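In my numbering, the protein residues as written are 7 to 94. What follows is one structure encoded as structure tokens, with my remarks underneath.
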Amino acid sequence: MIDTRCGLRCEGCSYRETCSCGGCIATNGRPFHGKCPVAACCQEKGYEHCGECPEIPCRMLSDYSSDPEHGDNPPGARIRQCKKWAEK
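Here is the structure:
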């Protein structure tokens with residue numbers, strides 16, 4: 007199930023319950039922390055998720071994925087997820 011624009015999986019996310027976050031698709035690009043620039047970019051281009059963009063991985067998605075504090079574990083997980091979604 008596609009639940010985010012950037013490939014970050016909402017299931018099991020601690021913010022889902024503690025902050026009542028519905029994810030960026032359900033909140034129209036405004037998850038618990040406010041407007042998400044990755045979701046906004048994706049939505050402005052008319053894509054369901056970043057995997058549909060020919061620029062994947064763009065600098066913004068790569069930066070989010072590799073952020074030392076909030077990035078992916080393992081690194082690049084959201085980028086790989088978007089590519090999997092695009093294959094289907």
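Each residue gets a CB set at the ideal place from its N, CA and C atoms; glycine is no exception. Computed from a predicted model, the values in this text were never measured in an experiment.
### Task
Would you mind giving the Cβ-Cβ distance between Ile-85 and Pro-63, rounded to the nearest angstrom? I have them listed as a contact below 8 Å.
5 Å
### Query
Is Pro-82 helix, strand or coil by DSSP?
Reading off the sequence, residue 82 comes out as Gly, not Pro. Gly-82: coil per DSSP, three-state reduction.
### Query
On the premise that Gly-57 lies in contact with Cys-19, defined as a C-beta separation below 8 Å, what is that separation, rounded to the nearest angstrom?
Not quite, the Cβ-Cβ distance comes to about 19 Å (not below 8 Å), so this is no contact.
#### Entry: Spatial distance of Thr-33 from Ser-71 (CA atoms)
21 Å
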